[in-house]
Every structure is written in structure tokens, then in C-alpha cells.
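Novice:
Protein chains: 2
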Amino acid sequence: MNKDAVNIYDIARMSGVSIATVSRVMNGSEKVSEKTRKKVMDVIGKVGYTPNVFAQGLGLNTMHTVGILVPTIADQYMSSAVAYLETELIKHGYDCILGNSGFDLEGKQKKTEMLLSKHIDSLILVGSTYAGDGSDTNATEYIRAAAKRVPVFIINGNVNGENIYASVCEDEKAVYEAATSMLRRGRKNIVFLTDSHSYSANKKKNGYERAMKSVGKAAKEAKDGIIYVENHIHRVRDQLLAMENLKCDGIIASNDMIAIGAVKYALAKGMDIPEDIEIIGYNNSTLAISCAPEVTSIDNHTEEICKDTVDRIMKILDGGEEKLSHKISVPCTLIARETTM
Amino acid sequence: MNKDAVNIYDIARMSGVSIATVSRVMNGSEKVSEKTRKKVMDVIGKVGYTPNVFAQGLGLNTMHTVGILVPTIADQYMSSAVAYLETELIKHGYDCILGNSGFDLEGKQKKTEMLLSKHIDSLILVGSTYAGDGSDTNATEYIRAAAKRVPVFIINGNVNGENIYASVCEDEKAVYEAATSMLRRGRKNIVFLTDSHSYSANKKKNGYERAMKSVGKAAKEAKDGIIYVENHIHRVRDQLLAMENLKCDGIIASNDMIAIGAVKYALAKGMDIPEDIEIIGYNNSTLAISCAPEVTSIDNHTEEICKDTVDRIMKILDGGEEKLSHKISVPCTLIARETTM
DNA sequence: TTCTTACATGTAAGCGCATACATTTTGATT
DNA sequence: AATCAAAATGTATGCGCTTACATGTAAGAA
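Protein chains in written order, with this note's numbering: chain P, 52 to 392; chain V, 52 to 392.
(1) Alpha carbon to alpha carbon, what distance is there between L109(P) and H283(V)?
(2) Rank T116(V), V121(V), N306(V), L338(V) by C-alpha distance to the C-alpha of I205(V) and give the top, closest one.
(3) Going along chain P, which residues have a C-beta under 8 Å from V314(V)?
(4) Decide if R238(V) is buried, meaning its Cβ has at least 16 other Cβ atoms within 10 Å, or exposed.
(5) Identify which residue in I379(P), C383(P), V361(P) has its Cα closest to the Cα of A133(P).
(6) Where do the N-terminal and C-terminal ends of the beta strand (DSSP E) with A304(V) fall, by residue?
(7) Which residue wins for smallest C-alpha separation from H143(V), given the options D369(V), A273(V), S74(V)?
(8) Just to confirm, is the Cβ distance from S341(V) to L338(P) under 7 Å?
(9) Whose CA, out of Y181(P), V117(P), F154(P), lies closest to the CA of E139(P)?
(10) With 7 Å as the threshold, decide whether the Cβ of E192(P) is near any Cβ in chain V.
(11) Three or more C-beta pairs closer than 8 Å, one from the stretch 151-159 of chain P and one from the stretch 157-172 of chain V: is that the case here?
(12) Which of the residues in the stretch 123-141 of chain P, read from start to end, lie with their CB under 9 Å from any CB of chain V?
(13) From what residue to what residue does the alpha helix (DSSP H) around A293(V) run?
(14) Using the beta-carbon of each residue, which ones in chain V are nearer than 8 Å to H285(P)?
(15) Going by DSSP in three states, G110(P) sits in which element: helix, strand or coil?
(16) Within 7 Å of any Cβ in chain V, is that where the Cβ of N151(P) sits?
(17) Whose C-alpha, out of T390(P), K268(P), T231(P), Y333(P), is nearest the C-alpha of I309(P)?
(18) Just to confirm my understanding: we take G150(V), look at its own chain, exclude 5 residues before and 5 after, and list those with CB closer than 8 Å. What are they?
(19) Would A241(P) count as contacting chain V if we go by Cβ distances under 7 Å?
(20) If you drop the 5 nearest sequence neighbours on each side, which residues of the same chain put their C-beta closer than 6 Å to that of H352(V)?
(21) Less than 7 Å between CB atoms is the rule here; does L109(V) satisfy it with respect to chain P?
(22) Just checking: is the beta-carbon of V177(P) within a distance shorter than 7 Å of some beta-carbon in chain V?
(23) Counting C-beta neighbours from all protein chains within 10 Å, is the total for N189(P) 16 or more, i.e. buried, or is it exposed?
(24) Quick one: Cα of I70(P) to Cα of I95(P), how far?
(25) Starting from V117(P), trace the beta strand (DSSP E) both ways and give me its first and last residue.
(26) Give me the chain P residues within the contact set of T101(V), using Cβ-Cβ distance strictly less than 7 Å, ordered along the chain.
(27) Run through DSSP, which three-state label would I356(P) get?
(28) Ignoring anything shorter than 4 residues or poking outside the stretch 229-279 of chain V, list the alpha helix (DSSP H) runs there in chain order.
(29) So, helix, strand or coil for L375(P), using DSSP?
(30) Below 7 Å on C-beta distance, what does L244(V) contact in chain P?
(31) So is K255(P) buried or exposed if we call it buried at 16+ other beta carbons inside 10 Å?
(32) Alpha carbon to alpha carbon, how far is E178(P) from D350(P)?
(33) List in chain order: all unbroken alpha helix (DSSP H) runs of 4+ residues lying wholly within the stretch 178-210 of chain V.
(34) Measure the alpha-carbon distance for V68(P) versus V76(P) and round it to whole angstroms.
(35) At what residues does the beta strand (DSSP E) containing G332(V) begin and finish?
(36) By the criterion of Cβ-Cβ separation under 7 Å, what are the contact partners of D146(V) in chain P?
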């Protein structure tokens, strides 16, 4: 099927040199006279030679490729993260190969294996679902196994281990502060909505609980303020509507989708936003401004985290034996809009 | 870096057979006795052998991989399409490698080259920006060049050529019908909002113009109803607000993002939706239901198109010499919500 | 001029696999 | 037991490239 017949031997013959020389000019080796380099480049320019990556890979065992694993690319947060990562990796001459793992462990393991089998130079896991609940269960064993082969980077996740590096958002703090500011504005009944038990979701929950306790709520009461929902606008709305004794004047959601479900709930209840109820989302995605009223949201600086992650990958891949810290934190920023006072 | 030292020779030695036999059991060849197959499989199970894809690829010149090119993965439509494609390709044993081309020609060419250099078995271009305006300009020359190497499939685009296959939505018809239904409901001034000159955008414009002409509007008047905007909620809103003599009671947008911009405009103007103004979006994405009021949108059956595309790819890749039609059309469906009566 | 060096280029080995072809084994048939 | 076809297995080659090492060459030193 593939007909790029022209190989290094063709170029060598056509330019009257050996394949070693061709290889040298292709790889920018400095041990080539300017004259022959030009000669070879001319031929290449004429016939359009591209090295066969398989052959290169076979020898070098690398393809200048990094694998990116996401639970699902059909998600605002994931797809924008992938876009940032890709942009950045390209700058450094690396291509990326994408894996959609789904949320179940088997899918994650399988896709990790798939990516590794492509001889990626590094693996990036996007999203905290890859970090389990932060404890070292066997649910993250496959990550540690992968790290035996290539450096593994986790965006907003936290898995300990040799050769594993994490970039995390300061979610706990962000939610704590968001909740605290609501409390300061006199809100009495704040609930926290989430669809997940992931590492990141847990941090957010902790932030919420800490804020609640800080104003004297009992531990149980704080915990009861956490409501688990599905990650779907209408189902969030319906679930809240179905809760007859739900009485709240403040909602913090673990993502914007859920926050919008909350907005729909408030609207259906005939409440005024933000007078009767304040709502804060998370991720500061396009969804947040697509809603009316536009949703106040916590920005977790995805672009910055992605750039930073790629920088760190390059530090390792470029052979730098310089020790990298295994975990860096990036603060979040609250973007105030119409759903808060 | 990569330490998967165990290769086919190791397995052969450990199981007391030749590498040819190991290769045969790996590839499920039937010319292996049950006894030796089991013997080899046992060893493999024990030491965990995975064939080196480079070596495989070098010989076979294929890696069971298809390339997917999108202008940007950070877009609802693109990312969901990629998700569908990936899911479907996996089922057939193909992995996918993603390229983010950006919207400029150079990026498209470069990324196409990158994907081809990875020895993909087929190339999928997602989105009509790859089809230019439908005319055969040199802006699509690189696609025809790629098609000389592998079969190229375009999702919602239209480029003619050997080895190029397209799946298109019936956008013209969908917009025509949407506009016509608005007209039937007595709307007098309908405008069409778009951010693009792509093949798909042009079809939509044509549908709009045809509908306008069908109720006696002059060609010029129909054309003047087309307003070019940026693909950004707030900028759409602001641009419309800035048009002092804009007087319309119906808006059709070429995607949901723009439609929501229109909603924001109407809201800012204090209009009642849908009484004073009807708005229809396109793609039926999550954005459409995240807005309040929820936006009526045209669903272009992305999932169906993607599945269908993969089916056709497989027909070709599985060596079927069966002739495929170079273009198939899929109808769209209007999903009525709160922005239409 | 002759020897030395540094630099430029060429030669050949191997990376791990699939597979055409060669060889051996099996088992059925006589 | 002898024969032969079919089935199972092995041998050896090539896929296109990088690179250590070998060889060649030109410039400078003696």
C-alpha cells in the first residue's frame, strides 16, 4: 500500500556517497564536509526522501513520540489539555500518540500497554482518574509498571513511585477558599456536588469539608453536604429537584458541567441567581460562559500545567541527570461571573 | 531507556523451538501443532513477551495504525468525533495516532507528512476545513498527494480524487429546512451566522440562501443575510450588539458556540426567546443544552458518520477490491429545544 | 619529501521480526 | 515394512537505518 520506495540506498547512489554519509547529513552530524552535505541535500530535495521510522526505531529503540492517555477525549478539559500538550511537544520535535482508556481499570491497563508497545519515550496520564484515591492500591500498579520502562507524568494526579512525576492543582485550597468566600457573604447552606472519587475530587471534597468545619459545622454535617451526582446537566438538575428537603443557598461543583446542572436546578425552582443561591463551577471551560447566567468557575491553569509538564519531560529525555521533584503544585484562580455575588 | 529485552529469540530458546515457530504462534498461523503452541504460549505467559512493533513494521510496512488529523482537538465536535473513531478503530485492531494541524495550510501539510511518516495504514481528516471551499485548488493538493500513499477519508469534507473517500452531512438540506420552518412560523428577518468559508459552511450558506429565495427574496438580500463572526461566544454577542441596524427575528448559526453568542445578544437586547427571536445552532453539542434557554440545534449524526467511515476503511484495508462509493451522505436531524417555537 | 594527524568517508554488523523455501516428522496407505 | 503426501518445524534472507570501526585523504610538521 505504502509506496515511498526511495530509501537511504537510493539517496546514497544518486549522490555518489555511502549510506553512512547520507545518514550523517540526515542527523546533522558535524563530520560531513560542507560540499558533500550540500550534494546530498540537493538530491534529497529533489526526490523527497523521508527516513523510515521503523528502521530508525529498530536501531535506536525510540521514535521521538510520547504517549498521552486520557479517560475520554470527548471532554472539554481533556481535549484542551491534549491540545496544549501536543502543541508543546511538537515544539520539541516529539509527536504524540493518543490513547482513550475509558474509566475502567482494564481499559487503562490495556491502553497503557498499547502505548508502551509503540515505544513511546514517555507517558503522560491526563486527569486524576489515573491516580485512584491517592492511596497506593493495585489500581495504580500498572502505572508503576509503566514507569519501569519510561518516565511517567501525571497531570493532576498523584501516584508515588520511581520515575513517576506529577503536576497537581491546588484543588483543596481553591475549594476551601471558594467556600469560605461564600460563607463570608452570609451563605448558610452550601453543598458540594461531585461525580467522582478521583484524587482530584477528593482534594476538592476535603477543601469543602475543611471550610465547613471552620465555621463550626460538625464533621458529619460537613460530610453530608457532599452530594454525588452524574456528570450530565439534566441528570444533575433532576436529581437535585428530586431531593425534597434540599435547602441550599450555595453550590460548589467539581466541574462546570455539574455546575450548569445546578444552575438549571435553581432556574427550575424559580430561584434568583445569585441572590437566592450562589453557584461555583470548576475548570473554567467554555461551558461556564455558555450558560446564562454565566458561571463563576475555578480555573486550574491547564495550559500552564501542560507546558510545565512538557518542560519537565524534556529535561529527563534530554538526558539531564538533574533530579526533578516528583510533584509540583500549581495554584488555581477563581474567575468570578454571574453566579456569585 | 526501554528495557523490554525479551525478544523472539529468547522465547524460541526458552521453549525449544525456532523463531519461525514463535512467530507463527504469535500470528495465529494454523500450521502449528497444538502441543508446541501451548508450549510457546506458556513461556510467553511466563516472561511476558511483546513483539517489537518496529521490527514488525519494518518487514510488513504497516503498523495497524490509522492517522487522524483534526484542525484542533480542543473543540467539542472534533474531540467527540475522534472519540468515536478511536473506539471503532480499536474494535478492528487498529490504533490511532493523532495530529493537531491548526487551520493554516502549512500546518496541515506538515502534520499530514508527519502522520504518513509513521506508516499509517489510512488517514482520516476530520472537519470540512480540510476540503477548502470544495473547489479543486492547490489548497487540497497535499491531500491528493497523501492519497497516493494511503486511502484518505474525510469526515464532512469533499475532495475529489483517486483513493479519497468522503462522508458528508446533508448540511444544505438541514439549514434549508430549518430556515423554511422558521419562515413558516412567520419569521420575516432571518440571518445566518458563520465563522468559516469551509466546505460545510458553504453548504449551510447555500441552504440558507435557497430558503430565502424560496420566499421571494432577491439574491442580494439573501446574501446580505449572511453575517461573518468569530467563533467565540462573547465576540459574537458584541459584534451583533454593535450592528445598530440589525433587525432580526430569527438566527441560524453554523455551530452551537455561535448560536449561544446569538442567545447572549438577544438576552442583552432584552428580547424574549423564542417569542421575539428564534435561534438554531448546529452540531447538537453539550453547549446547546448548557445554555439557558437551551438551544435548538441540528444534529449531524457524528457517531453514525464515524462508525460508517471506519467500516469503509476496513473494507479497503482488508483487501476488499470491492469498489467503494467515493462519497456518502448522511441526513441531519433538527433537535427542537427552547430557542424555537 | 615523508611522516603524522585530524578529518572525511566507507564498510559491515546488527536491531527483531515475518516469511519463502528447505527440511524433517507424522501418519495414512499399501 | 515401505512409500508418499501432508503437516510441522527450521533456516536464512531482507526490511532500512545507525554507528562502531576501518579506511582513505589532505594538510601540516619535520
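Glycine included, every Cβ here is placed at the ideal spot set by N, Cα and C.
Specialist: Taking the geometry as given:
(1) Going from the Cα of H283(V) to the Cα of L109(P) covers about 46 Å.
(2) When each option's Cα is compared against that of I205(V), the closest is V121(V).
(3) Going along chain P in sequence order, the residues near V314(V) (Cβ under 8 Å) are A343.
(4) Label assigned to R238(V): buried.
(5) Reading the sequence as shown, one finds Val at residue 133(P) and not Ala. Across the set I379(P), C383(P), V361(P), the C-alpha of V361(P) shows the shortest separation from the C-alpha of V133(P).
(6) Segment 301-304, the beta strand (DSSP E) holding A304(V).
(7) Across the set D369(V), A273(V), S74(V), the C-alpha of D369(V) shows the shortest separation from the C-alpha of H143(V).
(8) Their beta carbons are under 7 Å apart, which means S341(V) touches L338(P) by this criterion.
(9) Cα-wise, what sits closest to E139(P) is V117(P).
(10) E192(P) does not count as touching chain V.
(11) Pairwise C-beta distances place the stretch 151-159 of chain P out of contact with the stretch 157-172 of chain V, as fewer than three of them are shorter than 8 Å.
(12) Those residues of the stretch 123-141 of chain P placed with their C-beta closer than 9 Å to a C-beta in chain V are T123, I124, A125, D126, Q127, M129, S130, S131, A132, V133, A134, Y135, E137, T138, I141, ordered along the chain.
(13) First-last of the alpha helix (DSSP H) with A293(V): 284-293.
(14) Neighbours of H285(P) in chain V, taken as residues at a C-beta separation under 8 Å, are given in chain order as I340.
(15) In this structure, DSSP gives G110(P) a helical state, which the three-state scheme calls helix.
(16) Between N151(P) and chain V, the shortest Cβ-Cβ separation is below 7 Å.
(17) Ranking T390(P), K268(P), T231(P), Y333(P) by Cα distance to I309(P) puts Y333(P) first.
(18) Exclusion of the five residues before and after G150(V) leaves G118, I119, L120, V121, K162, T163, M165, L166 as the residues of its chain whose Cβ lies within less than 8 Å of its Cβ.
(19) Note on identity: in this sequence residue 241(P) is Ile, with Ala being the wrong assignment. The beta-carbon of I241(P) is placed no less than 7 Å from the nearest beta-carbon of chain V.
(20) Non-local beta-carbon contacts of H352(V) in its own chain, meaning distances under 6 Å to residues more than five positions away in sequence, involve V381 in chain order.
(21) It does; some Cβ of chain P falls within 7 Å.
(22) No, V177(P) lies away from the interface with chain V (no Cβ there is under 7 Å from its Cβ).
(23) The C-beta of N189(P) has fewer than 16 other C-beta atoms within 10 Å across all chains shown, which makes the residue exposed.
(24) Between the alpha carbons of I70(P) and I95(P) lies a distance of about 13 Å.
(25) Element bounds for V117(P): 116-121.
(26) Per Cβ cutoff of 7 Å: S168.
(27) Helix at I356(P).
(28) Complete alpha helix (DSSP H) runs here, min 4: 250-265, 270-275.
(29) If DSSP states are grouped into helix, strand and coil, L375(P) belongs with coil.
(30) For a Cβ distance threshold of 7 Å, nothing in chain P lies close to L244(V): the least Cβ distance comes to about 15 Å.
(31) Counting the other CB atoms within 10 Å of its CB gives K255(P) a total of 16 or more, which places it among the buried residues.
(32) With the sequence shown as reference, residue 178(P) is identified as Gly, and Glu is not the correct amino acid for it. The straight-line gap from Cα to Cα measures roughly 15 Å.
(33) Complete alpha helix (DSSP H) runs here, min 4: 192-198.
(34) About 11 Å.
(35) Per DSSP, G332(V) belongs to the beta strand (DSSP E) from 329-333.
(36) Neighbours of D146(V) in chain P, taken as residues whose beta carbon is under 7 Å from its own, are M165 in chain order.
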